[in-house]
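Colleague:
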(Lines of atoms letter the chains of each structure in order from A and count residues from 1; the text may use other names and numbers.)
(Lines give C-alpha, C1' and ligand atoms only; values in the text may rest on other atoms or scores of the structure.)
Protein backbone atom coordinates (compact mmCIF):
# COMPACT_ATOMS: atom_id res chain seq x y z
CA UNK A 1 0.00 0.00 0.00
CA UNK A 2 2.86 2.40 0.75
CA UNK A 3 4.33 1.88 -2.72
CA UNK A 4 0.99 2.77 -4.30
CA UNK A 5 0.74 5.89 -2.11
CA UNK A 6 4.28 6.94 -3.00
CA UNK A 7 3.65 6.39 -6.71
CA UNK A 8 0.45 8.45 -6.53
CA UNK A 9 2.27 11.30 -4.80
CA UNK A 10 5.10 11.19 -7.34
CA UNK A 11 2.69 11.28 -10.28
CA UNK A 12 0.68 14.13 -8.74
CA UNK A 13 3.81 16.16 -8.05
CA UNK A 14 5.13 15.62 -11.57
CA UNK A 15 1.78 16.67 -13.02
CA UNK A 16 1.71 19.86 -10.96
CA UNK A 17 5.23 20.80 -12.01
CA UNK A 18 4.50 20.13 -15.68
CA UNK A 19 1.24 22.11 -15.61
CA UNK A 20 2.91 25.12 -14.04
CA UNK A 21 5.76 25.26 -16.56
CA UNK A 22 4.35 28.24 -18.48
CA UNK A 23 3.31 30.23 -15.41
CA UNK A 24 5.17 32.86 -13.43
CA UNK A 25 7.64 31.76 -10.82
CA UNK A 26 5.22 32.91 -8.11
CA UNK A 27 2.53 30.58 -9.43
CA UNK A 28 4.94 27.72 -9.87
CA UNK A 29 6.34 28.28 -6.38
CA UNK A 30 2.86 28.30 -4.87
CA UNK A 31 1.88 25.06 -6.64
CA UNK A 32 5.08 23.22 -5.78
CA UNK A 33 5.14 24.60 -2.23
CA UNK A 34 1.53 23.62 -1.58
CA UNK A 35 2.06 20.12 -2.97
CA UNK A 36 5.26 19.56 -1.05
CA UNK A 37 3.80 21.04 2.13
CA UNK A 38 0.73 18.82 1.87
CA UNK A 39 2.83 15.69 1.41
CA UNK A 40 5.22 16.49 4.25
CA UNK A 41 2.41 17.71 6.51
CA UNK A 42 0.43 14.54 5.80
CA UNK A 43 3.39 12.39 6.73
CA UNK A 44 4.02 14.25 9.98
CA UNK A 45 0.53 15.22 11.12
CA UNK A 46 -2.10 13.29 9.18
CA UNK A 47 -4.90 15.07 7.33
CA UNK A 48 -4.82 18.16 9.53
CA UNK A 49 -1.07 18.44 9.03
CA UNK A 50 -1.56 18.13 5.28
CA UNK A 51 -3.92 21.10 5.26
CA UNK A 52 -1.58 23.24 7.34
CA UNK A 53 1.43 22.14 5.28
CA UNK A 54 -0.35 22.98 2.03
CA UNK A 55 -1.26 26.44 3.28
CA UNK A 56 2.20 27.26 4.62
CA UNK A 57 3.95 25.73 1.62
CA UNK A 58 1.75 27.62 -0.83
CA UNK A 59 2.32 30.97 0.85
CA UNK A 60 6.07 30.38 1.18
CA UNK A 61 6.41 29.18 -2.40
CA UNK A 62 4.46 32.15 -3.74
CA UNK A 63 6.61 34.60 -1.76
CA UNK A 64 9.87 33.06 -2.96
CA UNK A 65 8.58 32.88 -6.54
CA UNK A 66 7.45 36.53 -6.48
CA UNK A 67 10.94 37.53 -5.36
CA UNK A 68 12.46 35.56 -8.25
CA UNK A 69 10.02 37.22 -10.70
CA UNK A 70 11.08 40.66 -9.43
CA UNK A 71 14.75 39.78 -9.91
CA UNK A 72 14.06 38.63 -13.47
CA UNK A 73 12.24 41.86 -14.32
CA UNK A 74 15.09 44.00 -12.96
CA UNK A 75 17.81 42.28 -15.01
CA UNK A 76 19.03 43.48 -18.37
CA UNK A 77 19.67 40.70 -20.82
CA UNK A 78 22.33 40.76 -23.53
CA UNK A 79 23.23 38.55 -26.46
CA UNK A 80 26.87 37.80 -27.28
CA UNK A 81 28.37 37.34 -30.75
CA UNK A 82 27.65 33.57 -30.64
CA UNK A 83 23.94 34.14 -30.00
CA UNK A 84 23.89 33.17 -26.31
CA UNK A 85 21.78 35.21 -23.89
CA UNK A 86 23.28 36.38 -20.60
CA UNK A 87 22.91 38.93 -17.85
CA UNK A 88 25.56 40.63 -15.74
CA UNK A 89 25.38 39.91 -12.03
CA UNK A 90 26.09 42.33 -9.20
CA UNK A 91 29.67 41.06 -9.12
CA UNK A 92 30.22 42.00 -12.79
CA UNK A 93 30.29 38.39 -13.99
CA UNK A 94 28.30 37.11 -16.98
CA UNK A 95 25.61 34.52 -16.25
CA UNK A 96 24.37 32.64 -19.32
CA UNK A 97 20.77 31.46 -19.31
CA UNK A 98 20.69 29.05 -22.28
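In full-length UniProt numbering, the protein residues as written are 1 to 98. The beta-carbon is built from N, C-alpha and C at its ideal position, and this holds for glycine as well.
(1) From residue 51 to residue 91, what does the alpha carbon distance come to, in whole angstroms?
(2) Quick one, which of 65, 74, 70 has its alpha-carbon nearest residue 32's?
(3) Do residue 12 and residue 35 have their beta-carbon atoms positioned less than 8 Å apart in this structure?
(4) Go to residue 82, then tell me how far its beta strand (DSSP E) extends in each direction, as first and last residue.
(5) CB-CB under 6 Å to residue 87, same chain, minus the five flanking residues each way: which ones, in chain order?
(6) Less than 8 Å separating the beta-carbons of residue 42 and residue 49?
(7) Between the Cα of residue 23 and those of 53, 83, 69, spot the shortest distance and give me the residue it belongs to.
Modeller: Answer, in terms of the structure:
(1) 42 Å
(2) 65
(3) yes
(4) First-last for residue 82: undefined, no H or E at that position.
(5) The answer, listed in chain order, is 75, 77, 95.
(6) yes
(7) 69
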